[in-house]
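Which chain is which? The protein sequence lines are A and B, in order. Just so you know, the working numbering puts 1443 at position 12 of the first sequence, and the rest follows in order with no gaps. Just so you know, the working numbering puts 170 at position 187 of the second sequence, and the rest follows in order with no gaps.
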Amino acid sequence: MDLTTIVQALISGVLMAGIYALVAIGLTLIFGVVRIVNFAQGEFVMLGMYATYWLWKLWGIDPYASLLITMPLLFCFGVLVQRFLLQPILHAPDLAQIFMTVGLSVALMNAALFSFTADFRSVKTAYAERALHAGGVTVPVTRLFAFVGALALAGLLTLFLTRTDVGKALRAVAQDREVSMLLGINPRRMYLLAVGLGTALAGAAGGLIVPFFYVFPTVGVVFGLVAFVVVILGTLGSIQGALLASLIVGVAESLGILFAGADLGLVMVFALLVAALVFKPLGLMGQA
Amino acid sequence: MRRAAAAGLFLTLIVLPFLLPNPFYVHIVVMMAVFAVLGGAWNLIGGYAGQLSLGHAAFFGTGAYVSTLLVNATGISPWITLWLGGAAALLLSLPVGAICFRLQGPYFAIATIGLGEVLRLLVLHFREVTNGAQGLTVPFKGEAPWQLQFESKFPYYYIALAMAAAVVLVTRRMERARLGHYLVAIGQNQDAAEAIGIDSVRAKGQALALSAFVTGVAGVFYAQYTYVVHPDSVFGLGMSIQIALVAIVGGVGTVLGPILGAAIMESFVQSTQIAFAGQYPGLELIVYGGLLMAVILWQPRGVIPWLARVFRRAAARRPAARGAQA
């Protein structure tokens, strides 16, 4: 195996890592603030993909421009999920919390199957085939755009969380619910905001990959699973951790595909999960 | 009174297949018994110890594949692979328990989803051994009791029923033994349980091993009963969710919950399948997911505790009403 192939795999892994980071940041934000593990996060990615696909198919809207429509749409969807499905069970046992989002995931996946059939759909843009070439390495522009878009959104979120009052309030709730209430923050509003943002980020990740990824009802499953590994490796609740871990996971997956076979990328990702649980159970950012 | 009710239930279950109009209904009660076994197994770790597995398909599929591969390669009797399949699932569960049970939090649920998915991908990948996506078939031998094959569905029903009865007995025993008390203590408050000297990793590991063994045995039975083993059906997330739901709908941490859950879920699944008859792909699972959310919103602790409260209230009202008449 020559060096170019390996460099190519590394670059592919890093570019995909941006997307994984976006899905995982959404997941970790919801967990950090609301303390619920969202087993439907992958299905939020799927919703973002279908929304983008239909906007393109029906009205010819460019997938990247669609972000301006799909992100607010998914934000609202997330707010509704929090208000009507998660809020009532915030203090319920783990069992209710886990299976609420599992139920949501099953319902959404099959709603997509029912409405849009199991067909694989794809968006064809003028720039889909364009690529950058350098020293035998090829970088498709759509993958590059996805990476840059993901990083830009992650950067915007970080600015929002660190520079604005609302963002700081959100972090305060994540750190300590009771103390934040003493400070006059209404945690219920912050929960709505957190789930809304987490859902919008997953939807954005879906929109960003549509130019080079097939859309089908169970497409979200893999993204949900990868996001779990990323948030555990990067410490539950930590955004920087999710960014770092997604890089590791993205590269591990693409090296796994290169060395073990196209169908075993996810197995490599789970090998990382096992390693994380054995050697660093609290994740890269974890402090005992 | 209790004993009479139990004897009546037992007799009903024995004669049940003779009362059913055709083999299709016998098939449904066989599947109910299989899911009662699976839900009961899940309940040992998910209900009593509060460790929610979303990957019991991993143990189910391991039993089904190990047995079918052995039967096809060596011609060994499935009555023996029944135990070997269970043992393989038990072995698989040991590292899972050792790794996950040191941690508190959602790690076990996430790791078990991963386990099922990894096994599914590996089975799809190593197709020289596993036949990949086509799956494996058990060669049909006609009426061959030593090969765990019967022309009638009745023997399958009685075997599945015996397995379900065994799970009920094991659960009752465990509930009253030291392990059961340990698990309930851990499920309620792990730190407090450890403070009084309970080794929580060990207790949860034992419950998971037992649960995995039973699930693996059920996987072997399922392979023999249906004659086919498909990676997507036996290792799929759908199977894991279905197993968990049986216990949850019935009521976790109760001996009879999974039986009630299996009866409810399987009637529901079969009737929606008949009603929609494959014309509307996905519709039954939309209803399934929707009902799951509705039940959680309505009774976050399951149906059995709710039923128990209703009965208790009714029982409390009766003497009072009699008193008023006198």
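We put the beta carbon where it would ideally sit given N, CA and C, even for glycine.
query, result
"Could you check where the alpha helix (DSSP H) with PRO241 of chain B kicks off and where it finishes?", "240 to 259"
"For ALA1527 of chain A, which residues in chain B fall below 7 Å Cβ to Cβ?", "ILE279 and PRO283"
"Quick check on PRO128 of chain B - is its C-beta less than 8 Å from some C-beta in chain A?", "no"
"Would you decide whether GLU1609 of chain A is buried or exposed? Buried here means 16 or more other CB atoms lie within 10 Å of its CB.", "exposed"
"Along the chain, which unbroken stretches of the alpha helix (DSSP H) at least 4 residues long are found entirely within the region 107 to 165 of chain B?", "110 to 113 and 137 to 159"
"Would you mind telling me which residues of chain A sit closer than 9 Å to LEU33 of chain B, beta carbon to beta carbon, in chain order?", "As written in the sequence, residue 33 of chain B is Gly, which differs from the Leu given in the question. Here the neighbours are PRO1524, ASP1525 and LEU1526."
"Is the region 87 to 96 of chain B close to the region 1674 to 1681 of chain A, with three or more CB pairs under 8 Å?", "no"
"Exposed or buried, which one is HIS1564 of chain A when buried takes at least 16 other CB atoms within 10 Å?", "exposed"
"The alpha helix (DSSP H) with HIS10 of chain B in it runs from where to where?", "6 to 25"
"Answer yes if the region 1528 to 1542 of chain A comes into contact with the region 258 to 278 of chain B, meaning at least three C-beta pairs across the two stretches below 8 Å, and no otherwise.", "yes"
"So what's THR1548 of chain A in DSSP terms, helix, strand or just coil?", "coil"
"If you measure from the beta carbon of MET1531 of chain A to each beta carbon in chain B, is any gap under 8 Å?", "yes"
"Helix, strand or coil for CYS83 of chain B per DSSP?", "helix"
"Is PRO6 of chain B buried or exposed, if buried means 16 or more other CB atoms sit within 10 Å of its CB?", "exposed"
"On the criterion of 16 or more Cβ atoms from any shown chain inside 10 Å, does PRO241 of chain B qualify as buried, or is it exposed?", "buried"
"Determine which residues of the region 1535 to 1552 of chain A have a Cβ less than 9 Å from any Cβ of chain B, and write them out in chain order.", "LEU1535, SER1536, VAL1537, ALA1538, LEU1539, MET1540, ASN1541, ALA1542, ALA1543, LEU1544, PHE1545, SER1546, THR1548 and ALA1549"
"Under three-state DSSP, which class holds LEU1667 of chain A?", "coil"
"Just checking, does the region 1475 to 1488 of chain A make contact with the region 1625 to 1641 of chain A on the three C-beta pairs under 8 Å criterion?", "yes"
"Assign MET1569 of chain A to one of three DSSP states: helix, strand, or coil.", "The sequence shown places Thr at residue 1569 of chain A, not Met. Looking at THR1569 of chain A - three-state DSSP - the assignment turns out to be strand."
"Quick check: the Cα distance between ILE1721 of chain A and LEU228 of chain B, rounded to an integer number of angstroms?", "In this structure chain A extends from 1432 to 1719, so residue 1721 of chain A is not present and cannot be described."
"Output yes if chain B places a C-beta closer than 8 Å to the C-beta of LEU1686 of chain A; else output no.", "no"
"Examine chain A for any beta-carbon lying closer than 8 Å to the beta-carbon of GLY240 of chain B, and answer yes or no.", "no"
"Work out the CA separation of THR1548 of chain A and VAL1512 of chain A for me, nearest whole Å.", "24 Å"
"Taking the C-alpha atoms as reference points, what is the distance between ILE1456 of chain A and LEU1667 of chain A?", "10 Å"
"From the DSSP output, read off the bridge partner residues of ALA1562 of chain A.", "A:PRO1571"
"If we cut at 8 Å on Cβ distances, does VAL106 of chain B have a partner in chain A?", "no"
"Mind pulling the alpha helix (DSSP H) runs of 4 or more residues that sit fully within the region 1481 to 1537 of chain A?", "1494 to 1512"
"Looking at VAL232 of chain B and GLU158 of chain B, is the spacing between their C-beta atoms short of 8 Å?", "no"
"Check the Cβ-Cβ distances between GLY265 of chain B and every residue of chain A, and say whether any is below 8 Å.", "yes"
"In the structure shown, what three-state DSSP assignment does VAL1554 of chain A receive?", "coil"
"Need the endpoints of the alpha helix (DSSP H) that VAL197 of chain B sits in, please.", "183 to 209"
"Return no unless some Cβ of chain B is closer than 8 Å to the Cβ of VAL1698 of chain A.", "yes"
"How should LYS1555 of chain A be labelled, buried or exposed, when 16 other C-beta atoms within 10 angstroms of its C-beta is the threshold for buried?", "exposed"
"From B:GLN282, B:ALA291, B:ALA297 and B:VAL293, pick the residue whose C-alpha is nearest to that of MET1531 of chain A; which is it?", "B:GLN282"
"Determine, for GLY219 of chain B, whether the minimum Cβ-Cβ distance to residues of chain A falls below 8 Å.", "no"
"Is VAL1709 of chain A close to chain B? Criterion is C-beta to C-beta, closer than 8 Å.", "yes"
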